[in-house]
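In the working numbering, the protein residues as written are 15 to 230.
In what follows, a single structure is set out as structure tokens and then discussed.
This is the structure in structure tokens:
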């Protein structure tokens, strides 16, 4: 049997050419690299709780209101999440305050002359790649505090409610991220670097697009 296998791999019909071996090696390395990147994105997603605020419409007044509601939600959340050290704990706490967040949003809306419902929930949400001041987050599925204003037909506002990257100064976001439990190696994925930054995110966007198609 051993002799048969040896003859199979060494016969002219089955023996791989040099370029075929090289291609297989490159393909294997690419698959491994993409797998590691995907795992890192998932680990990053598991270490945070995003914020997703959806405006009633794209009208100027509704878009301005979206930002006011965002500020109100972040202010309340920052108060409740003092001392919290994990996204699971943050989600548990916020789940007990969803009605208060809705009331805060409605109050802001009414003060602006808008009288439509505000709905707050905790959900699994798909986020595109988003670039912020000094860092970025790759596309993928994240747990999120989702706040929908009125019909929810307007443009979104996306960020992170835990750790408090939305409210952290740009110069301190790494410190806030690490103190919130995000691994230093994952913080590197979020950092803007001169080399490799665009390539990593483009590859993750490509993989994410494939996953979204498979779900349809």
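All C-beta atoms, glycine included, are put in the ideal place defined by N, C-alpha and C.
> Taking just the CA atoms, how far does residue 168 sit from residue 69?
Replying inline: 5 Å
> Shortest alpha-carbon distance to residue 179 belongs to which of 101, 134, 154 and 142?
Replying inline: Checked all of 101, 134, 154 and 142; the closest Cα to residue 179 is 101.
> Below 8 Å, can you find three or more Cβ-Cβ pairs linking the segment 115-130 to the segment 70-79?
Replying inline: yes
> Looking at residue 175 and residue 63, is the spacing between their C-beta atoms short of 8 Å?
Replying inline: yes
> residue 191 lies in the alpha helix (DSSP H); which residues open and close that run?
Replying inline: 187-193
> Does the pairing of the segment 137-155 with the segment 112-123 give three or more beta-carbon distances under 8 Å?
Replying inline: no
> Once you ignore the five residues that flank residue 61 on each side, which residues in its own chain have a CB closer than 6 Å to its CB?
Replying inline: Around residue 61: 195 and 196.
> Where does residue 177 land, buried or exposed, given buried means 16+ other C-beta within 10 angstroms?
Replying inline: buried
> What are the boundary residues of the alpha helix (DSSP H) that residue 75 is part of?
Replying inline: 74-94
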